[in-house]
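Residue numbers (our numbering): 4 to 525. Here a beta-carbon is modelled for each residue, glycine too, at the ideal position from N, C-alpha and C. It should be emphasised that the depicted structure is a prediction, and the values quoted were computed from it without experimental measurement. Report on the following structure.
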Ligand code: GLN
């Protein structure tokens, strides 16, 4: 049976619970333990797929095609784990399950109640088998939120069910700094821990977010009020890069605290993978500028995984990648004067699409390294069909009804006027021999994640290839173009999928690594 670590947060939201939880996982992994991660969000949306990216940043997609918030991306990147729809569970989904069971008569006429029916359902998700040594569960929201209370009750019961010594409660709080008196205030932390205790949960370790290290006196004071040893009061220092956080915790012997709690040997860990990133951050390296031609720049974190993947590719290539945000809605070729590579990311709707088509065309005609992602591949094909093949009205039916539909909804998807359902999650892609795609991936078949509705119509394959744009990746049934490239170009590659979802800081991702390498050599 795995051991469980529950991570809750108090005082304010956005303290970085996800990053803290992932860092605990990194410390465990560095000692050879396997970990799995789950996120519970008390809100009532049934899944995050319908939540506005304007509020929540990018929609992240798991291998099994579940649309989640971007925290799951942190976990996959940091820990190399593969998460699924069972690892991102909202309050809405719990109630949905319970009410459906009630309608089916599963409860045999019993009165359906928060305890035990809702709590049992939450515990069932928490306890789904993982075959790992540890399961880290992040409970979203802030202690004291009305909808979160039932989750706290459930984790309290869960600890009681499996034995308290198999469970560790970690609580993240904030110690505000008062400039005038030069003091770090501990009262909000005390109140938050007390709030947790009202739900029957004694925190075993505190992560106190603070602009400077807590003094030993401050740790002792918090420990005294919060009923735990001063050693277990850890400073969660503000750092300029999230990858430094595991090291901040390592220095404060957080693993030893976990080991002590669970009765494990306090062995040393191998943190070299993360230390390499720390060193890279301060290394004096050449700068490689990538122009990202997009339209969601005003939304924080809209391109989270993409920016991460470019950062990772910089680590692999020993360059610092600078992202130049180029607004597709008023694209001007002059914007590309100082870039080393052009990337057109995914997107939905016609706003800004002309600029994206122009950007793909500019990269093509100026021999500038180009990478297209999802919509980025579609616009590269549209530009090529219009300006090289000579079909002036080539377009996607997403943007025009009266066009030559080189991009269209294909029969694998439900049809409907507004388009069918999205193709979501991981799909295999066969790679053609002798192509750039093959050199980039070093593989004959790959698997990448999708989130789109439209496809390049395979019937234009011969026409495209005759003119010099080849389809280098195809769905195994040969029906859906998954990758295109222009062999006569220095580096021009695009995929119908989102490779950014599978990048990680330790190896990067083949496509991003090769793109940044090409841009750095420009
Ligand atoms: N809007 C395009 C489609 O639905 C591309 C989507 C995307 O880039 N993720 O096919």
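Check your understanding: Considering residue 485, what are the terminal residues of the beta strand (DSSP E) in which it resides?
Key -> Note, residue 485: beta strand (DSSP E), 484 to 488.
**Asked** By Cβ distance, which residues of its chain are closer than 7 Å to residue 319, with the 5 residues on each side in sequence left out?
**Response** Closer than 7 Å at Cβ, skipping near neighbours: 511 and 516.
Measure the alpha-carbon distance for residue 366 versus residue 342 and round it to whole angstroms. So the alpha carbons of these two residues sit roughly 10 Å apart.
Let me check you understand the geometry: is the CB of residue 378 closer than 7 Å to at least one non-hydrogen atom of ligand 1?
Yes, ligand 1 has a heavy atom inside 7 Å of this Cβ.
Is residue 240 helix, strand or coil by DSSP? Correct three-state label for residue 240: strand.
Is residue 452 near ligand 1, in the sense that its beta carbon is under 7 Å from a heavy atom of that ligand? In terms of side-chain proximity, the C-beta atom of residue 452 is found no nearer than 7 Å to any non-hydrogen atom of ligand 1.
Are the beta-carbon atoms belonging to residue 345 and residue 296 less than 8 Å from one another? Result yes, Cβ atoms of residue 345 and residue 296 sit closer than 8 Å.
Checklist entry - If residue 28 and residue 139 are in contact, beta carbons under 8 Å, what's the gap, nearest whole angstrom? => result Beta-carbon to beta-carbon, residue 28 and residue 139 are separated by about 5 Å, close enough to satisfy the 8 Å threshold.
**Prompt:** Any contact of the region 381 to 393 with the region 454 to 467, i.e. 3+ C-beta pairs under 8 Å?
**Reply:** Yes, the region 381 to 393 is in contact with the region 454 to 467.
Residues near residue 312 in its chain [Cβ-Cβ closer than 6 Å; skip 5 each side] | These residues qualify, in order along the chain: 503, 506, 512 and 515.
Practice item. Check whether the Cβ of residue 456 lies closer than 7 Å to any heavy atom of ligand 1, and answer yes or no. Key: Yes, since a heavy atom of ligand 1 falls inside the 7 Å radius drawn around the Cβ of residue 456.
Problem set entry | Given 8 Å, three or more beta-carbon pairs between the region 117 to 127 and the region 155 to 164 | Put simply, the region 117 to 127 touches the region 155 to 164. At least three CB pairs are less than 8 Å apart.
Suppose the cutoff is 8 Å on Cβ atoms and the five residues either side in sequence are ignored; what does the same chain contact list for residue 419 look like?
Note that residue 419 scores 38 on pLDDT, short of 50, meaning its location in the model is unreliable; the coordinates nonetheless yield the value given after this. If we look at residue 419 and ignore the five residues flanking it on each side, it has no Cβ neighbours.
Worksheet item: Near residue 67, which residues of its chain fall below 6 Å by C-beta distance, leaving aside the five closest residues on each side in sequence?
Response: A distance below 6 Å between beta-carbons, with the five flanking residues on each side excluded, links residue 67 to the following residues of its chain, in chain order: 87, 88 and 428.
query = Among the residues of its own chain, which have a CB less than 6 Å from the CB of residue 105, if the five just before and after it don't count?
reply = Closer than 6 Å at the Cβ level, and outside the excluded window around residue 105, lie 115.
Original post:
For residue 116, is the beta carbon positioned less than 7 Å from some heavy atom of ligand 1?
Top reply: Outside the cutoff, so no.
Note to self: Suppose you measure from the CA of residue 45 to the CA of residue 165; what does that come to, to the nearest Å?
What the structure shows: Rounded to the nearest whole angstrom, the C-alpha separation of residue 45 and residue 165 is 23 Å.
With H, G and I counted as helix, E and B as strand and the rest as coil, what does DSSP make of residue 17?
The answer is coil: DSSP assigns residue 17 none of H, G, I, E or B.
**Asked** Of the residues 386, 443, 477 and 424, which one's Cα is nearest the Cα of residue 457?
**Response** Comparing Cα positions, the closest option is 424.
When the Cβ atoms of the region 283 to 300 are set against those of the region 470 to 488, are three or more pairs found closer than 8 Å?
Taking 8 Å as the limit for Cβ pairs, the verdict is that the region 470 to 488 does not touch the region 283 to 300.
Note to self: Quick check on DSSP: helix, strand or coil for residue 1?
What the structure shows: Because residue 1 is not part of the residues shown, which for the chain are 4 to 525, the question remains open.
- Are the region 90 to 103 and the region 5 to 13 touching, with three or more C-beta to C-beta distances below 8 Å? These segments do not touch.
List the residues that DSSP assigns as beta-bridge partners of residue 218.
-> Per DSSP, none; premise fails for residue 218.
Pick from 118, 250 and 266: whose alpha carbon is nearest that of residue 241? Comparing Cα-Cα distances from residue 241 to each of 118, 250 and 266, the minimum goes to 250.
Self-check item: Length-filtered (3 minimum) beta strand (DSSP E) runs lying within the region 136 to 201
Solution: Residue ranges of uninterrupted beta strand (DSSP E) with 3 or more members, entirely inside the region 136 to 201 and ordered along the chain, are 137 to 142 and 170 to 177.
- Query: Are the Cβ atoms of residue 82 and residue 25 separated by less than 8 Å?
  - Reply: Yes; because the gap between Cβ atoms is below 8 Å, this pair is in contact.
Check your understanding: From what residue to what residue does the alpha helix (DSSP H) around residue 249 run?
Key -> Unbroken alpha helix (DSSP H) run through residue 249: 248 to 254.
| query | Considering only the beta carbon of each residue, do residue 264 and residue 13 sit closer than 8 Å? | reply | For the 8 Å CB-CB criterion, residue 264 and residue 13 do not form a contact.
Contact between the region 358 to 365 and the region 314 to 328: three or more CB pairs below 8 Å?
-> Two segments are said to touch when three or more pairs of C-beta atoms, one from each, lie closer than 8 Å; by this definition the region 358 to 365 does not touch the region 314 to 328.
- Could you work out which residue in 11, 438, 57 and 49 is closest to residue 145 when comparing CA atoms only? Closest option to residue 145, Cα to Cα, is 11.
The beta strand (DSSP E) that contains residue 386, what's its start and end? First-last for residue 386: 378 to 387, but that is the alpha helix (DSSP H), not the beta strand (DSSP E).
Please find out if some non-hydrogen atom of ligand 3 comes closer than 7 Å to the beta-carbon of residue 156. Of the ligands this structure carries, namely ligand 1, none is ligand 3.
Starting from residue 540 and walking both ways along the beta strand (DSSP E), at which residues does that stretch end?
Since the first residue shown for the chain is 4 and the last is 525, residue 540 is missing from the structure and cannot be characterised.
Alpha carbon to alpha carbon, how far is residue 410 from residue 439? Give it in angstroms, no decimals. Residue 439 and residue 410 have their C-alpha atoms some 23 Å from each other.
- Item | Backbone secondary structure at residue 208 - three-state DSSP | The DSSP-derived three-state label of residue 208 is strand.
Worksheet item: Do you know offhand how far residue 15's Cα is from residue 206's?
Response: In a straight line, the C-alpha of residue 15 is about 17 Å away from that of residue 206.
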